Amino acid sequence: MTSATASPDDAGYLGSAADYGVTTPTEAGDLTSPTGAWFVQLEAAPTARGGTVAATASDQQAFLDEAADLGVDVEVRSSYSTLWNGLSVTVSDEDAVTLSEEADGVVAVFPVLLYEIPEDQNSPVPDLASALGQTGADIAQSELGFTGEGLRVGVMDTGIDIDHPDFGGSGVPGETSFPTERIAYGYDLVGDSYNADPSDPAYQPVPEPDAVPDDCEGHGTHVAGIVGANGDLGGDGVRGVAPDATLGAYRVFGCAGSTTADVMIEAMELALADGMDVLNMSIGSALATWPEYPTAVAADNLVDAGVVVVASIGNEGDLGTWAAGAPGVGDKVIGVASYDNTQITANAVAVGDRLAAYTPASAAPAPPTSGSMPLVALGEPGTDEARACTPIEADLTGSVVLVERGLGPNTPECDASFYNKALTAQNAGAAAVIIYNNVPGLLNATVEGAEEITIPVIFIGAEDGQAYTAAALAGPVDLTWTDQTTTAPNPTGGLISSFSSYGMTADLQIKPDLGAPGGSIWSTVPLELGGHASNSGTSMSSPHVAGAVALYLQAHPDATPATVRDVLQNNADPSQWSLDPTVGLLEPVHRQGAGMLDIDDSILAETVVSPGKLSLGESEAGAVTRTITVTNTGAEDVTYALTFEDAISTADAPYDPGFYWAESTVDMPASVTVPAGGSVDVEVSITPSADLELAQYGGYISLSATDAEPIRVPYAGFAGDYQALPLMLNEGSVFPTLATLSECGVFEGVDCAAGGVWELAEAGQVYSMADGDVPTALVHLEHPARSLQVDIYHANADGTRGDPAGVNPTYQVHDYLGRDANPDAFGAFTWDGTLTGHGPGRTGGGVQTLPDGDYIMEITVLAALGDEANPDHVENFTTPSFTVDRDGDGNPPVDPPGPPSIGDLLKLLAQLLAALLKCILFGIC
């Protein structure tokens, strides 16, 4: 076969994310259970997968009994048996390891993660109607007659405003009783004051459930409006995708802050009990990219129980690849990317008669709505001067300065972040900054940084920026701030939103699955917050798909969740590369999945190709062969021509991915004829380009018939040896390293859960083992890892690794780890001076406190999909030797005890015989 498109002249390397102005957040981090709680997964199948209540109850009681025998004090937070068998428990990190290693029947132990209420991505005001037009939902409603009637759609979020008239409420806060005709199901699992984030001053982690799932934050009402608002379009109302669907509101957030993963699983079980046909979760945990995480597993089991589960894939586009998070990474979940809306309405500034729409930067003061200031341009567009990559000589006092996005052509070392551009202009005396794009579209970005930005910063489009620059360079000109708005086509409409997260999953499955409008969506918010508002995020794209699923199920009530996803993927429309659509190449598959949702074509489709996506894994062994099944439900035979089209690939550092174009080799039949009412299997063999090295690649197989829209199957895989990617041993990095804690905001046991500051430590570091002063290894994970293990050894006199510090030297094992967010992020792995296992010095429950002395920590990391028996798949780091000195007496290191001598053994034997005789002769036992 040959590709459906020719290779561009400038094939190969297309630049990195940084070259296109994408700035990776620089906050560092640490790794522990942020909640002090852990999931314990047990062996028996949950009831949704054929298990029984009796079996799961027996499983859980046996676990609790064994935990008690091991001396582990377990506080049960929640137990689960329907979608997932296990418990969430509060235990220390070291006890979590004990349970994982020594308790029978434990499959795995996972930290209970925090899930934050997704933040608005700060977009201009749009029109929900234009978003419905992008997906064909308007046609499905008006021409096909489907509105979601008879379907139940659950919304797990911050609740829904039951008083809102767009959901049939009274329109007066507090005057509507729950349940209502439209919001007929739901429950508040947490209460208003709930906030599970220990770093937040408003931390209040105790749920206070309530029967009424009303919304005091706004996010859930906005999401629900996209799913199924049915307001008065002649007035101020909005209409969602499925305006006649019955809604369920499952509130898992308080009025602010975060929730936890175990609360989310409780909500999933409630949605199943209430008979939801669809569940939307506009919630995700960035970088939790393993489908084994409990929220993803529970979501998969919910799908097996017959519920179509839809989840946002994440708003971390600036974090780079492998950033998608659970539950959207579940194998059977529909993970949803975001596309920008086609129409925007935004505030405007003016130069002469030319109005320019703008978006304000976050972390900067709000721009004024009146007054004028002199406008200054630093140089011609495209130059080092225009991009503030050379020193600013002019006095900008009192002026608005124009700065172009991006690196200077002759200054590759320039800090081209939006923050640095704003700070440079501020330091030169500017009264305000306009950053104009170097590619089509408006920006939604931040200028947050170490030094506060105290002047307004706004973003305008490339065309407006170039026109304003020409006017400023031609002579004195003023910029006028206005309170006007301007409506215009969005130059980035139909392209992937800048905030939308990249996949794939850690086990190389395609995520996201498809996309929908999420950039600039006007929808409902609680009446107390104004009734309607604009938000952006994959939180907004996910409910578009959830509502569309309700339309599809109304048209095809017997469709299974698997068929629903296949059909939606078959009929989705992939888009051009968002960072530079002019090159004519497709956005990476692991950023957009199958493409933009097309619900009217999906409803009308008479052909289904399954599976709806081909996850190819790694290609180290050569071509990967898969079989797709083409099913024709129509009354006529259909002949399809088969072609393919490659998409852009990514490689290099995941937080600053490089973009590449290279053509795959795809072997498959040129055509296939599928009889009416029949199916045909088609074998497809795909080999990535030999020019790609350690890269995520992909493309689309297209099946085209006469007078019909093509149907597609996305494919994606990894070019090369996946286990060859670096894990923790990265050239030029200070990590991994031994460290000592100098500051901490919140402790969870000996671990610093929030506000930690560490200093690098050298050989001979002394730890008192009090107040967080414990041995700590800081580890940066460049890519996802299957496991990370911490072992403790005695140190030899020369500082090298000696004998194991206990019969079982393993202190911690962490499974299914995501990568770190940026080069400065890390996990802090601590040791509290104990080990578990059976051996000399054992105290209650197998916990052994080791004596003061010299030790080392050894960190072992196994690559994703790696073989622990293959040394090429494992990285090891041994810390310098350190001293544990609890009493501060400076006692010298103690050499580890050697094997007992024959004399010692004879003495021990004599003591045992004497004790035995006393017992037999005198009854003193």
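The C-terminal residue of the sequence shown carries number 1144 in this note's numbering, and the numbering is unbroken.
C-beta atoms are modelled at their ideal positions from N, C-alpha and C, and glycine is treated no differently.
All of these numbers come straight from a predicted model, not from anything done at the bench.
Residue from Leu911, Gly364, Phe329 and Val325 with nearest C-alpha to Ile822: Comparing Cα positions, the closest option is Gly364.
Check whether Val295 and Leu306 have beta carbons under 8 Å apart: yes
Val857 versus Pro736 - alpha carbon distance: 32 Å
Cα-Cα separation, Ala781 to Lys551: 7 Å
Reduced DSSP category for Ile822 - H, G, I as helix; E, B as strand; rest coil: helix
For Asp614 and Ala689, the rounded distance between their alpha carbons: 20 Å
Inter-residue spacing [alpha-carbon to alpha-carbon] between Ala286 and Ala909: 53 Å
Status (buried if at least 16 other CB within 10 Å, exposed otherwise) for Leu233: buried
Coarse secondary structure for Asp288, derived from DSSP in three states: helix
Three-state secondary structure (DSSP) of His763: helix
Reference Val786; option with closest CA among Tyr771, Gln915 and Pro800: Tyr771
Distance, Glu902 Cα to Lys832 Cα: Separation of Lys832 and Glu902 (C-alpha to C-alpha, rounded to the nearest whole angstrom) is 14 Å.
Residue of Leu621, Ala644, Val953 and Ile729 minimising C-alpha distance to Ala691: Leu621
Identity of the residues DSSP links to Gln562 by a beta bridge: Pro708
The segment 425 to 440 contacting the segment 452 to 471, beta-carbon criterion three pairs below 8 Å: yes
Short Cβ contact (8 Å threshold) for Tyr299 with Ala480: no
Inter-residue Cα distance where the pair is Gly1060 and Val985: Here Gly1060 scores only 37 on pLDDT, less than 50, and its place in the model should not be relied on; the value that follows carries that caveat. Taking the straight line joining both Cα atoms gives about 23 Å.
Alpha-carbon to alpha-carbon, Arg401 and Ala263: 38 Å
Leu489 to Asp1071 span [Cα, whole Å]: A direct Cα-Cα distance of roughly 51 Å separates Leu489 from Asp1071.
Span of the alpha helix (DSSP H), counted from its first residue to its last, around Leu318: Asp312 to Glu321 is the span of the alpha helix (DSSP H), which, as asked, contains Leu318.
Buried versus exposed call for Gly547 [16 or more other C-beta atoms within 10 Å across all chains shown]: In this structure Gly547 is buried. Its beta-carbon is surrounded by 16 or more other beta-carbon atoms within 10 angstroms.
Cutoff 8 Å; reference Thr221; Cβ partners in own chain excluding five residues on either side: Model confidence at Thr221 stands at a pLDDT of 33, short of 50, so the residue's coordinates are unreliable; what they give is reported in the following sentence. Hits under 8 Å: none found.
Counted within 10 angstroms of its Cβ, other Cβ atoms place Pro510 as buried (16 or more) or exposed: buried
Three-state secondary structure (DSSP) of Arg1020: When DSSP states are grouped into helix, strand and coil, Arg1020 belongs to the strand group.
Strand pairing of Gly467, partner residues [DSSP]: Gly373 and Tyr404
Check: Thr906 C-beta below 7 Å from any heavy atom of the ligand FMN: Annotation note on the ligand FMN: not contained in the displayed structure, which lists no ligands.
Spatial neighbours of Ala980 in its chain, beta-carbon cut-off 6 Å, leaving aside the 5 residues before and after: Leu957, Ala958 and Thr959
Span of the beta strand (DSSP E), counted from its first residue to its last, around Glu967: Val965 to Glu967
Status (buried if at least 16 other CB within 10 Å, exposed otherwise) for Gly503: buried
Other residues of its chain near Asp278: CB distance less than 8 Å, five sequence neighbours each side excluded: Leu261, Glu262, Ala263, Asn304 and Gly324
Beta-carbon contacts of Tyr186 that lie in its chain and below 8 Å, excluding the five residues immediately before and after: Nothing can be reported for residue 186: it is not among the residues displayed for the chain, which extend from 220 to 1144.
For Ile1078 and Ala273, the rounded distance between their alpha carbons: 40 Å
Distance between beta carbons of Met815 and Ala791, contact taken as under 8 Å: 6 Å
N-terminal and C-terminal residue of the alpha helix (DSSP H) that Leu491 is part of: Ala480 to Ala492
The segment 1010 to 1028 / the segment 961 to 973 touching (three or more Cβ pairs under 8 Å): They do not touch, by the three-pair rule.
Residue(s) in a DSSP beta bridge with Ser557: Ala735
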